[in-house]
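The next block holds one structure in the form of structure tokens; read it before the comments.
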Amino acid sequence: MEYLSKQRYDEITAELKHLVDEVYPKVKDDLAETRAQGDLSENAGYREARRNQAKTISRIRFLQKVLEHSRVIDPDVLPKDRVSLLSWVEFTNLATNAKMKFQIVSHHEMDLEAGKISLKSPIGAALMGKKVGETAEAQVPSGTLRLRVDSITDD
Numbered sequence: 027m028e029y030l031s032k033q034r035y036d037e038i039t040a041e042l043k044h045l046v047d048e049v050y051p052k053v054k055d056d057l058a059e060t061r062a063q064g065d066l067s068e069n070a071g072y073r074e075a076r077r078n079q080a081k082t083i084s085r086i087r088f089l090q091k092v093l094e095h096s097r098v099i100d101p102d103v104l105p106k107d108r109v110s111l112l113s114w115v116e117f118t119n120l121a122t123n124a125k126m127k128f129q130i131v132s133h134h135e136m137d138l139e140a141g142k143i144s145l146k147s148p149i150g151a152a153l154m155g156k157k158v159g160e161t162a163e164a165q166v167p168s169g170t171l172r173l174r175v176d177s178i179t180d181d
């Protein structure tokens with residue numbers, strides 16, 4: 027079971043609707059058009075249309091599975107005093123005194139440029155359940171990071 031924010035759930039639903047209602051019919055039409063051009067063994071356009079069809083079907087199935095196995099998380103039921111899903115966490119790397127701030131999200135919402143890390147990432151997993159002032163140890167490829175939670179917010 028995966029948990030998604032309402033925003034990400036809506037984005038996935040919109041992408042799926044777009045693929046089913048707009049993209050796939052166009053891909054099907056392109057495939058029919060290239061098929062009508064004759065010899066399929068030497069028709070590069072037909073092979074490309076088949077690849078586009080397979081890619082579109084694959085993405086549709088993936089999104090359907092994500093939605094089937096996901097639930098929208100209600101942010102009001104999440105604890106405010108400890109790090110949880112959808113928490114914004116400001117923390118300090120105790121080795122370098124570097125301060126960082128990230129939101130803990132599901133892996134379907136991860137976006138480092140937007141400051142969102144997966145709860146399954148080493149840092150996200152280490153921070154989960156911690157309170158302000160507590161330290162966490164995250165096993166990363168470069169070694170062990172000691173992190174102190176400085177603040178937790180939900181926005």
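Numbered according to our numbering, the sequence shown spans residues 27 to 181. No residue lacks a Cβ here, since even glycine has one placed at the ideal position from N, Cα and C.
In this structure, the CA atom of E28 is about 15 Å from the CA atom of D36.
K156 has its alpha-carbon roughly 14 Å from the corresponding atom of F128. Put simply, the backbone Cα of A151 is about 5 Å away from that of L145. Around the beta-carbon of A40, fewer than 16 other beta-carbon atoms lie within 10 Å, marking it exposed.
Excluding five sequence positions before and after T82, the CB atoms of its chain that fall closer than 7 Å to its own CB belong to L45, V49, Y50, V53, given in chain order. Where S144 is concerned, the enclosing beta strand (DSSP E) starts and stops at 142-144. Residue pairing by DSSP leaves L89 without any beta bridge partner.
In the three-state reduction of the DSSP assignment, K106 falls in the coil class, being assigned neither a helical nor a strand state. If you draw a straight line from the Cα of A58 to the Cα of A70, it is about 14 Å long.
Comparing alpha carbon positions, the residue from L171, Q33, G169 closest to I99 is Q33. With a threshold of 16 other beta carbon atoms within 10 Å, A121 falls short and is exposed.
Look at S113 here: in three-state DSSP terms it is coil, with no helix or strand label.
The continuous beta strand (DSSP E) containing K127 extends over residues 124-131.
Sixteen is the threshold: since fewer than 16 other Cβ atoms of the shown chains lie within 10 Å of the Cβ of V103, the residue is exposed.
The three-state reading of DSSP puts K81 in helix, counting H, G and I together.
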